[in-house]
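Here this note's numbering = 1-based position in the sequence shown + 246.
C-beta atoms are modelled at their ideal positions from N, C-alpha and C, and glycine is treated no differently.
The structure displayed is predicted, hence computed values, not measured ones.
The next block holds one structure in the form of structure tokens; read it before the comments.
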Amino acid sequence: MTLVASNRTELAQQRERVVADAQGGAIAVVMTMGALHAGHAELIRRARERARAVIVTDFLNPLQFAPGEDLDKYPRTFDADLQLCRTEGVDLLFAPTPDVVYPDEEPVVRVNAGPVGDILEGDSRPGHFDGVVTVVAKLLHLTQPDLAYFGQKDAQQLWLISRMVRDLDFPVEVVAVPTVRDSDGLALSSRNMYLGDDDRESAVALSRALRAGQAVASSGVDTVMKAASEVLDAEPGVRLDYLSLVAPATFSPVQPEHRGEALLLVAAFVGKTRLIDNVLVELGGG
Ligand code: AMP
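In structure tokens:
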């Protein structure tokens with residue numbers, strides 16, 4: 247049975263029940279903004295493999311949206327989200343409103359995501375990652391899990407959350423889950439709901455570009471960037487924001503002579519919809 251909590255009192259009471267039922271087993275959390283899809287379901291399944299109980303948070307966090315972004319039109323599908331949680335055997339769904347998470351309105355004291363919070367996604371979306379790590383910190387305090395599952399799909403977010411947990415000694419293990427894709431390669435995202443038929447076709451260029459880069463990774467940085475750019479340039483429905491190769495350990499852009507693992511990251515507008523994706527590549531020397 248999936249318990250539902252929408253305020254702090256309910257969460258505390260129901261979490262206590264869930265913890266008692268788990269009889270000392272691990273508790274996992276999967277944090278989401280709702281509009282759940284098979285990518286979220288995969289996080290829940292992975293969590294269930296290791297944890298005795300799984301808590302899902304469903305919270306559309308205003309703090310991580312800049313004015314003019316898609317907060318107002320972000321899909322809200324609570325009934326379907328609850329159904330997915332029931333099907334996946336989630337023990338507790340915490341679905342608060344902003345006034346529950348931020349009772350004093352905007353928090354005065356926040357977590358600062360640091361320099362990696364200002365590049366790539368952070369450069370295009372100023373303040374976004376401070377909003378993300380602040381809400382993740384709060385939800386970790388509220389749910390008190392042993393394990394927290396996040397998708398590789400949002401690689402920079404995953405890096406920053408892992409780093410926050412280490413740097414600030416949160417007593418939780420962060421677990422990364424590989425990106426779930428549609429059969430044509432498009433990374434699943436709640437924002438895919440915005441895409442019309444033509445946009446949906448154009449959007450596949452992102453994952454195609456990443457795969458094109460991946461396929462020539464043994465030839466080095468320049469070749470990867472060229473191969474991926476060519477695919478994106480050839481798709482008129484795609485307006486590139488950034489294409490970048492970063493070192494997975496530091497998230498800093500790689501030097502042209504870099505060898506070994508790197509993350510190839512893309513962000514682009516398809517129509518009015520901004521999408522991101524990434525793959526791991528193994529860079530060689532040509
Ligand atoms: P969101 O609701 O978009 O904030 O995502 C909630 C969590 O699900 C984050 O940890 C995401 O990285 C993860 N996630 C979203 N889409 C996918 C996907 N296609 N595959 C794996 N994880 C995903």
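Task: 8 Å Cβ cutoff met for L317 and G363 - done: Residue mapping note: residue 317 aligns to position 71 of the sequence shown, counting from 1. Residue mapping note: residue 363 aligns to position 117 of the sequence shown, counting from 1. Contact flag unset, no.
TODO: Please report how far the alpha carbon of D304 lies from the alpha carbon of V382, in whole angstroms.
DONE: Numbered from its first residue, the sequence shown carries residue 304 at position 58. Numbered from its first residue, the sequence shown carries residue 382 at position 136. Looking at the two C-alpha atoms, the distance is approximately 12 Å.
Open item on the list: Under 7 Å: does the beta carbon of A433 sit that close to some heavy atom of the ligand AMP?
Closed with: Walking along the sequence shown from the start, residue 433 turns up at place 187. A433: yes, Cβ under 7 Å from the ligand AMP.
- [ ] Could you please give me the residues that DSSP links to T255 through a beta bridge?
- [x] As a first step, residue 255 must be located in the sequence shown, where it is residue number 9. Paired residue(s): none; T255 is not in a bridge.
TODO: Would you kindly report the start and end of the unbroken alpha helix (DSSP H) that includes L385?
DONE: Translated into positions along the sequence shown, residue 385 becomes position 139. Unbroken alpha helix (DSSP H) run through L385: 374-389.
Task: Per-residue burial, Q259 [other beta carbons within 10 Å of its own, 16 or more giving buried] - done: Sequence index remark: in the sequence shown, residue 259 carries index 13 (1-based). In the assembly as shown, Q259 is an exposed residue. Its beta-carbon has fewer than 16 other beta-carbons within 10 Å.
Open item on the list: Taking 7 Å as the cut-off, is the C-beta of V450 nearer than that to any heavy atom in the ligand AMP?
Closed with: Counted from its first residue, the sequence shown places residue 450 at position 204. Within the chosen limit of 7 Å, the ligand AMP does not reach the beta carbon of V450 with any heavy atom.
Task: Residues near P342 by beta carbon distance below 7 Å, same chain, minus five either side - done: Translated into positions along the sequence shown, residue 342 becomes position 96. S252, N253, F305, listed in sequence order.
- [ ] Inspect the beta-carbon positions of E334 and A287 and report whether they are closer than 8 Å.
- [x] Position 88 of the sequence shown holds residue 334. Position 41 of the sequence shown holds residue 287. Yes, Cβ-Cβ distance for E334 and A287 is below 8 Å.
Task: Sequence-distant residues of its chain with Cβ nearer than 6 Å to V346 (five each side left out) - done: On the sequence shown, position 100 is the one that residue 346 refers to. The residues are N253.
- [ ] Reducing DSSP to helix, strand and coil, say where A508 ends up.
- [x] In the sequence shown, the residue the question calls residue 508 occupies position 262. In this structure, A508 counts as strand in the three-state DSSP scheme.
Task: Span of the alpha helix (DSSP H), counted from its first residue to its last, around A458 - done: Reading the sequence shown from its first residue, position 212 is the one you call residue 458. Its alpha helix (DSSP H) spans residues 443-461.
Task: Start-to-end residues for the beta strand (DSSP E) that takes in R322 - done: One-based indexing of the sequence shown puts residue 322 at position 76. Taken as a continuous stretch (DSSP letters only), R322 belongs to no beta strand (DSSP E), as it is neither H nor E.
Open item on the list: Checking the sheet assignment: what are the DSSP bridge partners for T519?
Closed with: On the sequence shown, residue 519 is found 273 positions in, with the first residue counted as 1. DSSP, once it has assigned bridges, lists V516 as partnering T519.
TODO: Please name the residue in R520, P349, Q501 whose C-alpha comes closest to that of G530.
DONE: Here the question's residue 530 lines up with position 284 in the sequence shown. Nearest C-alpha to G530: Q501.
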